[in-house]
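One structure is given here, and the rest of the page talks about it.
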Amino acid sequence: MDEKSLRAALAAIPTMLLVVCVVAAFALQGWDTHATLFAESPEETLERIIPFDLKGGAEKGLFEVTGYERSEDGSTFTLGVLLHSPLNVSMTVEELSAGVLVGNSTGTLTMPNVVEIPPRGSKNVTLKGSLPEEEAEVPLPFVLNSTTMRLNVSGIVLELSDAGPGGAV
Amino acid sequence: MSEVTRREAWRRINWLGLIAGALTLALPFWGPWWKFMLGTEAVTVFTSPFGVEMRFFGVETISSPLFWWLCLGIKLCFVYLGALLLAGSVLAVSARYAAIGAQFVRFCALKLLWFVAVFVAVLLVAIVLVNQLPGTLGLPFQLQLPYLIGRSTASAGLDGMRITIPVTMAFLQPFVIAVLAAATGISARVYHDKVL
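Structural data, given as structure tokens:
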């Protein structure tokens, strides 16, 4: 075999290998182009990989107030909150704070610890904060405003403002 | 075979070619060359010329039979190149087949370099395109992805919502081995042409 033929033969083999693989891919799928290109439909893929329910399921909202309490001397305010996760993966609530309007003053309630919510699960947390002394005697109800929340989903940080239900409680 | 002939045979083997061949044979089984991550594990892409493993929140996304078979084809091509390099390096010993061996080495040596260069070029082009995308489409955020290696953060805000996504890119150990195989391949060719 001369040099030229040998070079041509050497170059032809990788091309043949690739062609055989492509032909095998089509043959094994019954020569169906769509089935050869995609093992499943794009909708199925999307449904499988998106970490939340595409057909709804987020109607609950991210959190709901379950109860509140003011300390006897009126200086500390505690708010019970039930956090919901609409995601199919676990998420961490790194920060949750809410402003409360009692009388004419505003206090800030914060979550003392980082909380991890399981996939599509819920978790009870308590927000605590102090109220201005002059409002200690002002009777409830209060108004919940300026809610901020920082979520961490697999390293992606989502900061939401006014995510809560708001309104008078 | 006399002692002198045996020593001469050992001397005529293209050792650099043998190393390059062995590395090339092993490369398809060594794992991904480069990784791209959004967040810690929100989106992970591990890639090499032999395949792409893309996971979205831990779920495998790419499932194409054609792609799988093409990757298998590229793996087989690498095995073929590795085997040719090995054979060419050893054939230098034989007076009868030395010319064929030289052809084998000449055919394979630069291919590895091309594979590595094309792989890096494709990644670079993809990153440049992704970085230009927000500007081209008029999206309300900027993307500054690192070029091939490094970390950065992409962030966007809209109506009381802000999203921050850490981006990490890195070459992995098999890429270093691929570069080493390419460099050894070139050295093997030079050695074969000049010395043997």
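If you read the protein sequences in the order shown, they are chains A and B. Take the first sequence: its position 19, counted from the start at 1, is 19 in my numbering, and no numbers get skipped. All you need for my numbering is the position in the second sequence, starting with 1, plus 1000. We treat Cβ as the ideally placed atom computed from N, Cα and C, and that holds for glycine. Computed from a predicted model, the values in this text were never measured in an experiment.
With DSSP as the reference, label residue i as helix, strand or coil.
i, result
"A:V81", "strand"
"B:Y1147", "coil"
"B:G1021", "helix"
"A:F142", "coil"
"B:R1055", "strand"
"B:S1094", "coil"
"B:V1195", "coil"
"B:I1177", "helix"
"B:E1008", "helix"
"B:E1060", "strand"
"B:L1066", "helix"
"A:P42", "helix"
"A:V102", "strand"
"A:I156", "strand"
"A:E72", "coil"
"B:F1141", "coil"
"A:I50", "coil"
"B:G1073", "helix"
"B:T1040", "coil"
"A:G57", "Because the pLDDT at A:G57 is just 49, under 50, the model does not fix this residue reliably, and the point stays unresolved."
"B:W1030", "coil"
"A:G67", "strand"
"B:L1158", "strand"
Taking 8 Å as the CB-CB cut-off, is residue i touching chain B?
i, result
"A:A39", "yes"
"A:R7", "yes"
"A:V115", "no"
"A:G121", "no"
"A:L10", "yes"
"A:G61", "no"
"A:G155", "yes"
"A:S146", "no"
"A:V36", "The sequence given here has Thr at residue 36 of chain A, not Val. Yes - at least one Cβ of chain B is within 8 Å of the one on A:T36."
"A:T92", "no"
"A:G57", "Bear in mind that a pLDDT of 49 at A:G57, under 50, signals an unreliable position, so the number given afterwards is only what the model happens to contain. Taking Cβ atoms only, chain B never reaches closer than 8 Å to A:G57, which makes this a no."
Are any of the Cβ atoms in chain A nearer than 8 Å to that of residue i?
i, result
"B:E1053", "no"
"B:A1095", "no"
"B:M1169", "no"
"B:G1039", "yes"
"B:F1057", "yes"
"B:T1047", "no"
"B:A1042", "yes"
"B:G1017", "no"
"B:Q1144", "no"
"B:W1114", "no"
"B:G1031", "no"
How long is the line joining the alpha carbons of residue i and residue j, rounded to whole angstroms?
i, j, result
"B:G1150", "B:I1165", "14 Å"
"B:A1098", "B:A1188", "14 Å"
"B:W1010", "B:R1106", "20 Å"
"A:T78", "B:M1037", "39 Å"
"A:S75", "A:T147", "20 Å"
"A:V23", "B:R1055", "28 Å"
"A:A25", "B:F1067", "9 Å"
"B:C1071", "B:T1044", "19 Å"
"B:L1123", "A:P51", "27 Å"
"A:H34", "A:H84", "39 Å"
"B:K1194", "B:N1014", "11 Å"
"B:A1156", "A:R150", "14 Å"
"A:E69", "A:L158", "29 Å"
"B:F1050", "B:G1073", "9 Å"
"B:L1139", "B:Y1147", "21 Å"
"A:E44", "B:R1012", "59 Å"
"A:S105", "A:G99", "10 Å"
"B:G1082", "B:T1005", "27 Å"
"B:V1059", "B:T1047", "16 Å"
"A:E3", "B:W1114", "23 Å"
"A:L160", "A:E94", "12 Å"
"B:V1093", "A:A11", "24 Å"
Compare the Cα-Cα distances from residue i to each of the options and report the closest residue.
i, options, result
"B:C1108", "B:T1005, B:P1032, B:W1010, B:A1183", "B:A1183"
"A:E144", "A:D73, A:F63, A:P118, A:E47", "Sequence inspection shows Leu at residue 144 of chain A; the Glu mentioned does not correspond to that position. Checking every option, the nearest Cα to that of A:L144 belongs to A:F63."
"B:P1134", "B:T1024, B:Y1080, B:R1096, B:L1143", "B:L1143"
"B:T1168", "A:L131, A:I156, A:I49", "A:I156"
"B:L1085", "B:R1012, B:T1024, B:E1053", "B:T1024"
"B:A1121", "B:G1017, B:S1152, B:W1030, B:W1034", "B:W1034"
"B:P1174", "B:G1039, B:N1131, B:W1030, B:L1137", "B:W1030"
"B:A1022", "B:A1154, B:G1088, B:W1069", "B:G1088"
"A:V162", "A:S97, A:S122, A:S105, A:V102", "It should be noted that the sequence gives Asp, not Val, for residue 162 of chain A. Considering only alpha carbons, the answer is A:S97."
"B:Y1191", "B:T1136, B:A1095, B:S1064, B:I1019", "B:I1019"
"A:T112", "A:G129, A:V20, A:R120, A:G121", "According to the sequence displayed, residue 112 of chain A carries Pro and not Thr. Here the closest residue by C-alpha is A:G129."
"B:A1170", "B:R1096, B:V1128, B:P1032, B:V1116", "B:P1032"
"B:I1127", "B:S1152, B:Y1080, B:F1104, B:L1112", "B:S1152"
I need the boundaries of the alpha helix (DSSP H) containing residue i, first residue and last residue.
i, result
"A:M111", "Counting along the chain, A:M111 falls outside any alpha helix (DSSP H), and DSSP gives it neither H nor E."
"A:L37", "33–37"
Which residues bound the beta strand (DSSP E) around residue i?
i, result
"A:E3", "No beta strand (DSSP E) contains A:E3, which is instead part of the alpha helix (DSSP H) from 3–28."
"B:R1162", "1161–1171"
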